[in-house]
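Take the sequence shown: its position 105, counting from 1, is numbered 216 in the numbering used here, and each next residue is one higher.
Every residue gets a Cβ at the ideal spot worked out from N, C-alpha and C, and that includes glycine.
Remember, it's a predicted structure, so these values are computed and weren't measured experimentally.
Right, one structure below, let's go through it.
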Amino acid sequence: MGLYQNQDMEDHDRVDLVLPPKQQNLISSVVRAAKNPVNLVLISGRPVEITFAKYDQHTGSILWAGYLGEAGCLALAGIIFGDHNPGGRLPVTWYPQSCILLIITYYKLNSVTRESICFAF
């Protein structure tokens, strides 16, 4: 799952972090229909809001893959089938949709209370 190409490109800001509704519905339907926990693989160039899947007891794991290169599918298969254990470090901050987002050029953080930011800097 991931973002559509027209949502995840340079020089394009999104107003929210939510997955497209059709993808959310597909994920929820697959998770409900599956007999075993489902591994959710996200392929996108930026974070997406996936709280709905994170707290679903039938979601076995969530793996963010970024955009895969030439050997990306083999690497992904190795992780899913347990041949490799990813380090769990993300190159971006992953925050929930409910988080207050600051404009990237806003440098006056002293005027924002620590409680209003989801993750402290």
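- Here L114 is near S155, since their CB atoms are less than 7 Å apart.
- Between the alpha carbons of D127 and V203 lies a gap of roughly 16 Å.
- In this structure, L137 keeps its C-beta atom at 7 Å or more from the C-beta atom of I173.
- Excluding five sequence positions before and after L179, the CB atoms of its chain that fall closer than 8 Å to its own CB belong to I154, A186, L187, given in chain order.
- Straight through space, the alpha carbons of A144 and P197 are spaced by roughly 28 Å.
- For N136, the enclosing alpha helix (DSSP H) starts and ends at 132-144.
- Nearest to P132 by C-alpha distance, out of D194, E160, E121, E181, is E160.
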